[in-house]
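Here the numbering used here is used: the first residue of the sequence shown is 1350, the next is one more, and so on.
Each residue gets a CB set at the ideal place from its N, CA and C atoms; glycine is no exception.
As the structure is a prediction and not an experimental result, all values here were calculated from the model.
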Amino acid sequence: KLVDIPAPDPTSGEVRIRNHAAALNFFDILQIQGKYQTKPPLPFTPGAEVAGVVDALGPDVEHLSVGDRVLALGGLGGFAEYAVTPSAKTFRIPDAMDFAEAGAMLIVYQTSYLALKVRAATRAQEWLLVHAAAGGVGSAAMQLGKAFGARIIATAGSADKVDFCLTQGADYALNYREDSWVEQVKEITAGHGVDVIYDPVGGDIFDLSTKCIAAEGRLLVIGFAGGRIPGITANRILLKNMSVVGCYWGGYLEHHPGFLAQAQADLFALYEAGKIKPVVSQVYPLADAVTALRALAERKTQGKVILRIT
1350 KLVDIPAPDP TSGEVRIRNH AAALNFFDIL QIQGKYQTKP PLPFTPGAEV
1400 AGVVDALGPD VEHLSVGDRV LALGGLGGFA EYAVTPSAKT FRIPDAMDFA
1450 EAGAMLIVYQ TSYLALKVRA ATRAQEWLLV HAAAGGVGSA AMQLGKAFGA
1500 RIIATAGSAD KVDFCLTQGA DYALNYREDS WVEQVKEITA GHGVDVIYDP
1550 VGGDIFDLST KCIAAEGRLL VIGFAGGRIP GITANRILLK NMSVVGCYWG
1600 GYLEHHPGFL AQAQADLFAL YEAGKIKPVV SQVYPLADAV TALRALAERK
1650 TQGKVILRIT
């Protein structure tokens, strides 16, 4: 329901943002359905990432000012006109970045940066296979992989999404609904296989990926949007000297609290250098949040979906 509630007030170390944009993420849907690992008490306002203008400061906030244009990670409460966020998770945005781009940036680029730069240590000229590459994290992974010098093979689930991937930096794009995609990967890489696999899908896609990974390859476990959490027999890991690497960004931040600001500074630098650019495919008014969430749940979207809040 779209209802009026009192505007929240920031407490120590927090800021209040007059939202201009809020991004949708797949975990918002799981949280609303009660299927996510964190289950807030009802009623709650979903929305973890926002962009807008700081309009109030809590005590002990020194690096931000009222009037700053920012993006922020708030956890909950983003699908609203105002959101309160921790100042440590709130960052000034470049002058050239609009609010829709800013709202679309934080989670997917941070996740892909952690996976490709830190966990996989992706090197120039390596083969990188990105699954579900037309989605939010997938498009971010393609752009960052290209910025790091990798050769990109993308997979997506429809012809129009395959075409979209080619506009976002993919050297090759395949339809993962076709049974031949594993053999196509082997052909493209001249039998070498892919050095790094970015998998936010899980299920059968994960299983098949082990058949086209290169020796000493790294299979990055990003999530399980396909529904089934897969398993793997250890002898397959052994025979290919492969690594299966977890990439849980939220858990990584708990153990490396300085990573968020450092990675965001690097990502802003890549944006200003023209090497990455958040893809906003659809913009809905706040009143149509349910329609927007349904479009995301039914996989009718590309890149990121944004709520416009005026």
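Environment of residue i [buried if 16+ CB atoms lie within 10 Å]
i	result
T1360	exposed
V1639	exposed
H1369	buried
G1452	buried
S1558	buried
H1480	buried
L1568	buried
V1352	exposed
K1510	buried
N1374	buried
A1445	exposed
Residues bridged to residue i [DSSP beta-bridge criterion]
i	result
D1548	V1570
Q1631	V1654
T1434	V1364
E1398	L1422
S1348	Outside the displayed range of the chain (1350 to 1659) lies residue 1348, so it cannot be described from this structure.
W1476	R1500
F1440	L1420
N1374	Beta-bridge pairing links N1374 to no other residue.
I1625	BP columns for I1625 are empty, so no partner.
V1403	I1366
Y1521	I1502
I1381	The partner list for I1381 (beta bridge, DSSP) is empty, contrary to what the question assumes.
V1543	I1562
Own chain residues within Cβ distance below 7 Å of residue i, not counting five before or after
i	result
G1424	A1397
I1537	I1502 and Y1521
I1586	V1593
R1526	G1506
F1555	D1548 and P1579
Residue i vs residue j beta-carbon contact at 8 Å
i	j	result
M1454	P1606	no
I1658	L1635	yes
V1593	P1549	no
A1437	L1420	no
P1443	E1621	yes
L1616	L1609	no
K1589	A1372	no
T1394	F1440	no
I1655	A1449	yes
A1646	I1378	yes
Chain-order list of residues whose beta-carbon lies under 6 Å from that of residue i (same chain, five-residue window excluded)
i	result
A1614	none
G1498	A1473
F1513	A1483 and Q1651
Y1385	F1376 and L1379
M1591	I1562 and G1566
G1471	The displayed chain sequence assigns Thr, not Gly, to residue 1471. Correct list, in chain order: L1465, F1497, A1499 and V1545.
E1644	This sequence places Ala at residue 1644; Glu is not what is there. Around A1644: T1650.
Close Cβ partners of residue i (< 8 Å) along its chain, the five nearest in sequence each way excluded
i	result
G1551	V1570, G1572, F1573, A1574, G1575, G1576, R1577, I1578 and P1579
V1415	V1403, D1404, A1405 and L1406
V1664	Nothing can be reported for residue 1664, as the shown portion of the chain is limited to 1350 through 1659.
L1463	C1596, W1598, Y1601, F1608 and A1612
T1582	none
Q1459	W1598, L1609, A1612, Q1613 and L1616
A1496	L1619, K1624 and I1625
W1530	T1504, L1523, N1524 and L1557
Inspect the CB distances between the segment 1404 to 1413 and the segment 1360 to 1373 and report whether three or more fall short of 8 Å. The segment 1360 to 1373 and the segment 1404 to 1413 touch, with three or more beta-carbon pairs separated by less than 8 Å.
Would you be able to state if there are at least three C-beta pairs under 8 Å between the segment 1488 to 1495 and the segment 1516 to 1536? Result yes; three or more Cβ-Cβ pairs closer than 8 Å.
When you compare the segment 1468 to 1488 with the segment 1531 to 1544, are there three or more beta-carbon pairs, one atom per stretch, that lie closer than 8 Å? Flag = yes, the segment 1468 to 1488 and the segment 1531 to 1544 touch.
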